[in-house]
Amino acid sequence: MAHPSEAELRHMVRELLREIMVERRSLAGVEDVRMTSDAELQAFVKKLMAPGIVEAVRDGRLRFRLVADAVQLPEAQQKPVLSGVISERKLAGCAAGETIVLARGAVLTPLARDLTRRLGLKIERRSG
Numbered sequence: 488m489a490h491p492s493e494a495e496l497r498h499m500v501r502e503l504l505r506e507i508m509v510e511r512r513s514l515a516g517v518e519d520v521r522m523t524s525d526a527e528l529q530a531f532v533k534k535l536m537a538p539g540i541v542e543a544v545r546d547g548r549l550r551f552r553l554v555a556d557a558v559q560l561p562e563a564q565q566k567p568v569l570s571g572v573i574s575e576r577k578l579a580g581c582a583a584g585e586t587i588v589l590a591r592g593a594v595l596t597p598l599a600r601d602l603t604r605r606l607g608l609k610i611e612r613r614s615g
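For the sequence shown, this note's numbering gives the first residue as 488, with consecutive numbering after it.
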């Protein structure tokens, strides 16, 4: 019986360590993920590509939870705050299920309110 080479042993040890790490992560089941920059997103994607991780995610042994307070949209993607009287025309470009942000004191017209119901729009009101 031939003994494995040093390179083969190193490879086997690495594979074993990866399996142990995946099992250890799966015990927790859920990992919190914080993403506030492109660098953090890139690091997370790199982590997902590690051997064993994809399988653990597919099998449901490993899940991720986005920590909401850490997520901040770039200014270009932030929703404009609608103020005053909000008519159906102001909401014409909204997609189904989208969230609209209303300033304090903003009022929806009856037709605008009907449109929010039809499209399933979520309404977020700002207090300040």
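Ideal placement from N, C-alpha and C gives every residue a C-beta, glycine not left out.
1) Cβ atoms of L553 and L569: under 8 Å apart, would you say?
2) What separation, rounded to the nearest whole angstrom, lies between the Cα atoms of V532 and V520?
3) Which of the three DSSP states, helix, strand or coil, is assigned to V500?
4) Taking E585 and L608 to be in contact with their CB atoms under 8 Å, please state how far apart those CB atoms are, rounded to whole angstroms.
5) A543 to V517, Cα distance in whole Å?
6) Does the Cβ of L578 have 16 or more other Cβ atoms within 10 Å, making it buried, or fewer, making it exposed?
7) What residues in its chain sit with their C-beta under 8 Å from that of R505, if we drop five residues either side in the sequence?
8) Run through DSSP, which three-state label would R505 get?
9) Go ahead and pull the three-state DSSP assignment for K533.
10) Beta carbon of S606, beta carbon of A583: below 8 Å?
11) Can you give the Cα-Cα distance for L549 and L503, rounded to whole angstroms?
12) When the Cα atoms are used, what is the spatial distance from M499 to F551?
13) Give me the Cβ distance between S614 and R591, rounded to the nearest whole Å; I'm assuming they're in contact under 8 Å.
According to the data block:
1) The residue given as residue 569 occupies position 82 in the sequence shown. The residue given as residue 553 occupies position 66 in the sequence shown. Pairing L569 with L553 gives a Cβ-Cβ distance that is not under 8 Å.
2) Along the sequence shown, one-based indexing puts residue 532 at 45. Along the sequence shown, one-based indexing puts residue 520 at 33. The straight-line gap separating the alpha-carbon atoms of V532 and V520 is approximately 11 Å.
3) Start at 1 with the first residue of the sequence shown, and residue 500 comes out as number 13. In the three-state DSSP reduction, V500 falls in the helix class (H, G or I).
4) Translated into positions along the sequence shown, residue 585 becomes position 98. Translated into positions along the sequence shown, residue 608 becomes position 121. A Cβ-Cβ distance of about 6 Å is found for the pair E585 and L608, placing them in contact under the 8 Å criterion.
5) Here residue 543 is taken as the residue at index 56 of the sequence shown, counted from 1. Here residue 517 is taken as the residue at index 30 of the sequence shown, counted from 1. Distance from the CA atom of A543 to the CA atom of V517, rounded to whole angstroms, is 11 Å.
6) Here residue 578 refers to the residue found at position 91 of the sequence shown. Classification for L578: buried.
7) As a first step, residue 505 must be located in the sequence shown, where it is residue number 18. Setting aside the 5 residues that flank it on each side, R505 is surrounded in the same chain by A537, P538, G539, each with a C-beta closer than 8 Å to its C-beta; the list follows chain order.
8) Numbered from its first residue, the sequence shown carries residue 505 at position 18. R505 falls in the helix class under three-state DSSP.
9) For the purposes of this step, residue 533 is taken as residue 46 along the sequence shown, with counting starting at 1. It is helical.
10) Walking along the sequence shown from the start, residue 606 turns up at place 119. Walking along the sequence shown from the start, residue 583 turns up at place 96. Note that residue 606 is Leu in the sequence shown, not Ser. Yes. Within cutoff.
11) In the sequence shown, counting from the first residue as 1, residue 549 sits at position 62. In the sequence shown, counting from the first residue as 1, residue 503 sits at position 16. Between L549 and L503, the C-alpha separation is close to 18 Å.
12) For the purposes of this step, residue 499 is taken as residue 12 along the sequence shown, with counting starting at 1. For the purposes of this step, residue 551 is taken as residue 64 along the sequence shown, with counting starting at 1. Taking the straight line joining both Cα atoms gives about 28 Å.
13) As a first step, residue 614 must be located in the sequence shown, where it is residue number 127. As a first step, residue 591 must be located in the sequence shown, where it is residue number 104. Between S614 and R591, the beta carbon gap of about 6 Å places them in contact (Cβ cut-off 8 Å).
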